[in-house]
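Number of protein chains: 2
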Amino acid sequence: MKLSDIYKNLRKDLRLVERELGESVQSEYDPLKHSSVHLLEAGGKRMRPVFVLLAGKFGEYDIQRLKYAAVPLELIHMATLVHDDVIDDAATRRGQETVKAKWDNRVAMYTGDYIFARALTIAATIENPKVHQVLSKGIMQMCLGEIEQIKDFNNHQQTVLTYLHRIKRKTALLMAISCQLGGLVSGADTETVRRLRLYGYFVGMAFQITDDVLDLVGDEKELGKPAGSDLRQGNVTLPVIYMLKNGSNEDREEIIRYLKDGDERGPLDEILTRVRQSEGIAWSQTLAERYLNKALAILEGLPKGEARSSLRLIAEFVGGRSF
Amino acid sequence: MKLSDIYKNLRKDLRLVERELGESVQSEYDPLKHSSVHLLEAGGKRMRPVFVLLAGKFGEYDIQRLKYAAVPLELIHMATLVHDDVIDDAATRRGQETVKAKWDNRVAMYTGDYIFARALTIAATIENPKVHQVLSKGIMQMCLGEIEQIKDFNNHQQTVLTYLHRIKRKTALLMAISCQLGGLVSGADTETVRRLRLYGYFVGMAFQITDDVLDLVGDEKELGKPAGSDLRQGNVTLPVIYMLKNGSNEDREEIIRYLKDGDERGPLDEILTRVRQSEGIAWSQTLAERYLNKALAILEGLPKGEARSSLRLIAEFVGGRSF
């Protein structure tokens, strides 16, 4: 089985999810339409719906019920993307915060809120209160993760644990919840649901670490943005944290200086070269692999079959970051 | 009965709500703690919890159930206040958007998101799916209202209908939902719940119109902020809309010029004097009274008693804006 086979097998149901995603953000409001269409066209891998559907195979699979989890989870992901863009965008026009920029930001903020609320309206169709509890608690944790990330911008004293805690909330949690809700909605048993959630969590951790490594070692063409974007924004990721602890004095001083310079910082090229030559990259990749192995191990306790093979394949692809 | 008697009668239960509000925004995170404490201390009239509790008297009153609506509704109100402050605040530091200001805004945005998600976590305790549907649909509409308001900033061509539609979403809806959910949670019958919701809606409309008039005619001491703040921000409210349609040519030209000047606009004094002398004020007050009368009329269909008298009193006070 190849990765494309997973999408092929789920094609009909993913199309239905796609259609309902499109309908859910239909609006007579121009700003909403604009940003929603933009997001929908951006497409993406729809990882969260895929997780919901595959997890749903471990219970009584019914797309007409699962869609009430799959669509909201993708919408929540979209809402976080919209909020991530808020203000960042204005910063590029620094010193000239025009009325328009100011309003665009406000519109983006409320558009995020709207997509978020829309997600909840759809999820509200599910009667199981456990689903709502998992969802709202998850969102709360995600918000805390975002706040933590802001707090830790340019902070050269953060630890590996801080980082892991942060990416758990920022990324792994929503994937964990996607798998969990797929299981819950389809009425899978408690142990299965627990394993599905853990699988999503481990895959999410591996995914984010791999993504953060790629941001440092990838080239602009591959990434679709300049390499080192995280560091440029002051987002200190795992390889850099490793270097700050274990690198040469010169490496550490260079990075600390760069982070301290904040908005005044110069070009990143030299630091990027240092990071790429450091042991932080391989060390981070090893940690990502450990999470992947945990994901694969937890799958062993689930019934064999196409769904399990699909989840295994996704985990392996996340490791190779070809997903 | 006086207004203070309502609070006296509900004192024990409002204290419980207050305590749970405090606990719900407890957090180990400094930025959250800071902004939450600030909001809690700002206090406010807790109108939404008061509506929930009074509406709850029309069914089987149980504070241990009603609190799961009262606390979230106040939290949602708080979350909208936090989001209202985002970016506006940065604008006061125009041209100098420092990293700190940028981050403060992001933190405020995610703090709003967090309080919002926290509200949903608490509401998730309620098993009735109708409650979740009402709540999430309401929030969606509120977001659209905020976006509409931004779209209509400085727009001199908006109509009375645009305005009414906007304040419905911005203010009246959450009050309507508060009354509705109080009824729903306490198991009141459908007709009672319908009347409660309509009452909240009418009172909310009257409240917002009165508030908007007061922003134009009040003095700084009374308002706690300079008079005319709405207009200064480009928020065109009912008396001004009336003048734009029915005022003298000179009045209209002055206002249009002021709105068009945007960020370059000069002092408001002269325009404020014109508005205060216009018929727009009395006309708006009359419309507020009409909404109040509708609120009072809809109450007539509810069973007599202390709860009904309390709702009547609140409506009357909203009219006098002494609430």
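As they're listed, the protein sequences go chains A and B. Reminder that position 205 of the first sequence reads as 204 in numbering that gives the first Met the number 0, one-by-one numbering, no gaps. Reminder that position 138 of the second sequence reads as 137 in numbering that gives the first Met the number 0, one-by-one numbering, no gaps. Quick reminder that beta carbons are idealized off the backbone N, C-alpha and C, glycines included. Here the structure is a predicted model, which is why all the values come from computation and not from measurement.
Next on the checklist: Only counting the same chain, and skipping five residues up and downstream in sequence, which positions put a Cβ closer than 8 Å to that of B:Gly323?
Outcome noted: Here chain B comprises residues numbered 0 to 322, so residue 323 of chain B is not present and cannot be evaluated.
Next on the checklist: Does the CB of A:Met46 have a neighbour CB from chain B at under 8 Å?
Outcome noted: Position 47 of the first sequence, counted from the start, is the residue given in the question as residue 46 of chain A. Judged by the 8 Å Cβ criterion, A:Met46 is not in contact with chain B.
Checklist entry - Taking 8 Å as the CB-CB limit, is A:Asp88 close to chain B? => result What you label residue 88 of chain A is simply residue 89 of the first sequence in a count that begins at 1. Its pLDDT being 49, under 50, A:Asp88 is placed unreliably in this model, and the value from its coordinates should be taken loosely. A:Asp88 is outside the set of residues whose beta carbon lies under 8 Å from a beta carbon in chain B.
Next on the checklist: Along the stretch 61-80 of chain A, where does the CB come closer than 8 Å to a CB of chain B? Name the residues.
Outcome noted: none
Checklist entry - Considering A:Ser177, what are the terminal residues of the alpha helix (DSSP H) in which it resides? => result Walking along the first sequence from the start, residue 177 of chain A turns up at place 178. First-last of the alpha helix (DSSP H) with A:Ser177: 172-184.
Checklist entry - Contact check, A:Phe50 vs A:Leu301 under 8 Å by CB: the rounded distance? => result Against the first sequence, residue 50 of chain A aligns to sequence position 51. Against the first sequence, residue 301 of chain A aligns to sequence position 302. Contact flag wrong, Cβ pair sits at about 13 Å.
Checklist entry - Taking only runs of the alpha helix (DSSP H) that begin and end inside the stretch 221-260 of chain A, which ones reach a length of at least 4 residues, in chain order? => result Listed in chain order, they are 228-232, 237-245, 248-260.
Item to check | Rounded C-alpha distance that separates B:Ser308 from B:Leu2 | outcome: For the purposes of this step, residue 308 of chain B is identified with residue 309 of the second sequence, where counting begins at 1. For the purposes of this step, residue 2 of chain B is identified with residue 3 of the second sequence, where counting begins at 1. One C-alpha to the other measures close to 10 Å.
Checklist entry - Quick one: what's got a C-beta closer than 8 Å to B:Tyr241's C-beta in the same chain, skipping five residues either side? => result As a working mapping, residue 241 of chain B is identified with position 242 in the second sequence. Val159, Ser277, Glu278, Gly279, Trp282, Ser283.
Item to check | 4-residue-minimum alpha helix (DSSP H) runs that sit fully inside the stretch 268-305 of chain B, ordered along the chain | outcome: 268-276, 279-299
Checklist entry - For A:Lys224, is the beta carbon positioned less than 7 Å from some heavy atom of the ligand FAD? => result Judged by which ligands are present, the structure shown has none, so any question about the ligand FAD falls away.
Item to check | Bounding residues of the alpha helix (DSSP H) (the contiguous stretch that carries A:Asp83) | outcome: Your numbering for residue 83 of chain A matches position 84 in the first sequence. That run of the alpha helix (DSSP H) goes 62-84.
Checklist entry - If you follow the alpha helix (DSSP H) that B:His131 is part of, which residue opens it and which one closes it? => result Your numbering for residue 131 of chain B matches position 132 in the second sequence. Unbroken alpha helix (DSSP H) run through B:His131: 128-150.
Checklist entry - Just by C-beta distance, which residues in the stretch 257-283 of chain A are closer than 8 Å to chain B? => result Gly261, Asp262
Next on the checklist: Determine, for A:Tyr113, whether the minimum Cβ-Cβ distance to residues of chain B falls below 8 Å.
Outcome noted: The residue given as residue 113 of chain A occupies position 114 in the first sequence. True, the Cβ-Cβ gap to chain B drops below 8 Å.
Checklist entry - Starting from B:Thr161 and walking both ways along the alpha helix (DSSP H), at which residues does that stretch end? => result Residue mapping note: residue 161 of chain B aligns to position 162 of the second sequence, counting from 1. It spans 159-166 - the alpha helix (DSSP H) in which B:Thr161 sits, taken as one unbroken run.
Checklist entry - Under three-state DSSP, which class holds B:Arg311? => result Taking the first residue of the second sequence as position 1, residue 311 of chain B is located at position 312. Helix, per DSSP.
Next on the checklist: For B:Ala123, would you say it is in contact with chain A, using Cβ-to-Cβ distances shorter than 8 Å as the test?
Outcome noted: In the second sequence, residue 123 of chain B corresponds to position 124, counting from 1. For B:Ala123, the answer is yes, since a Cβ of chain A falls inside 8 Å of its Cβ.
Next on the checklist: Quick check on DSSP: helix, strand or coil for A:Thr110?
Outcome noted: Residue mapping note: residue 110 of chain A aligns to position 111 of the first sequence, counting from 1. Three-state result, A:Thr110: helix.
Item to check | Reference B:Leu65; option with closest CA among B:Ile125, B:Val24, B:Thr110 | outcome: By 1-based counting over the second sequence, the position of residue 65 of chain B is 66. Closest option to B:Leu65, Cα to Cα, is B:Ile125.
Checklist entry - Three-state secondary structure (DSSP) at A:Met204? => result As a position in the first sequence, residue 204 of chain A is number 205, starting the count at 1. A:Met204 falls in the helix class under three-state DSSP.
Checklist entry - If you check the beta carbons only, do A:Arg47 and A:Ser177 fall under 8 Å apart? => result Counted from its first residue, the first sequence places residue 47 of chain A at position 48. Counted from its first residue, the first sequence places residue 177 of chain A at position 178. Contact: yes.
Next on the checklist: I need the boundaries of the alpha helix (DSSP H) containing A:Gly55, first residue and last residue.
Outcome noted: Along the first sequence, read from residue 1 onward, the residue named residue 55 of chain A stands at position 56. Unbroken alpha helix (DSSP H) run through A:Gly55: 46-55.
Item to check | A:Ala296 classed as buried or exposed, judged by whether at least 16 other C-beta atoms fall within 10 angstroms | outcome: Here residue 296 of chain A refers to the residue found at position 297 when the first sequence is read from its first residue. Burial call: exposed.
Next on the checklist: Any C-beta of chain A within less than 7 Å: which residues of the stretch 221-250 of chain B qualify?
Outcome noted: none
Next on the checklist: What are the residues in the stretch 165-191 of chain B lying within 7 Å of chain A by C-beta distance?
Outcome noted: none
Next on the checklist: Using the Cβ count rule (16 or more neighbours within 10 Å means buried), how would you classify A:Gln156?
Outcome noted: Here residue 156 of chain A corresponds to residue number 157 of the first sequence, with the count starting at 1. Per the 10 Å Cβ criterion, exposed.
Next on the checklist: Counting only beta-carbon separations shorter than 8 Å, does B:His131 have a partner in chain A?
Outcome noted: If you number the second sequence from 1, residue 131 of chain B lands on position 132. Taking Cβ atoms only, chain A reaches closer than 8 Å to B:His131, which makes this a yes.
Checklist entry - Mind checking if A:Arg105 is an interface residue toward chain B, Cβ cutoff 8 Å exclusive? => result Residue 105 of chain A sits at position 106 when you count from the first residue of the first sequence. Closer than 8 Å: yes.
Next on the checklist: Give me the residue from A:Thr272, A:Leu134, A:Val317 with the minimum Cα distance to A:Leu180.
Outcome noted: Taking the first residue of the first sequence as 1, we reach residue 180 of chain A at position 181. Minimum Cα distance to A:Leu180 is reached at A:Leu134.
Next on the checklist: Under 8 Å, Cβ to Cβ, is there at least one residue of chain B near A:His155?
Outcome noted: Residue numbering aside, residue 155 of chain A sits at position 156 when the first sequence is read from its first letter. No, because no Cβ of chain B sits closer than 8 Å to the Cβ of A:His155.
Next on the checklist: Please report whether the beta-carbon of A:Glu126 lies at a distance below 8 Å from any beta-carbon of chain B.
Outcome noted: The residue labelled residue 126 of chain A in the question sits at position 127 within the first sequence. Closer than 8 Å to some Cβ of chain B, the Cβ of A:Glu126 qualifies, so yes.
Item to check | Euclidean distance between Cα positions of B:Arg256 and B:Pro225 | outcome: For this step, residue 256 of chain B is matched to residue 257 along the second sequence. For this step, residue 225 of chain B is matched to residue 226 along the second sequence. Roughly 21 Å between the two C-alpha positions.
Next on the checklist: What does the alpha-carbon distance come out to for the pair B:Ile114 and A:Leu286?
Outcome noted: The sequence position of residue 114 of chain B within the second sequence is 115, counting from 1. The sequence position of residue 286 of chain A within the first sequence is 287, counting from 1. Cα to Cα, the separation comes out at about 34 Å.
Item to check | Distance between A:Gln148 and B:Gln140 (C-alpha atoms, nearest Å) | outcome: As a working note, residue 140 of chain B is residue 141 in the second sequence. As a working note, residue 148 of chain A is residue 149 in the first sequence. Between B:Gln140 and A:Gln148, the C-alpha separation is close to 30 Å.
Item to check | A:Ala68 and A:Val184 closer than 8 Å at C-beta | outcome: Position 69 of the first sequence holds residue 68 of chain A. Position 185 of the first sequence holds residue 184 of chain A. Yes, Cβ-Cβ distance for A:Ala68 and A:Val184 is below 8 Å.
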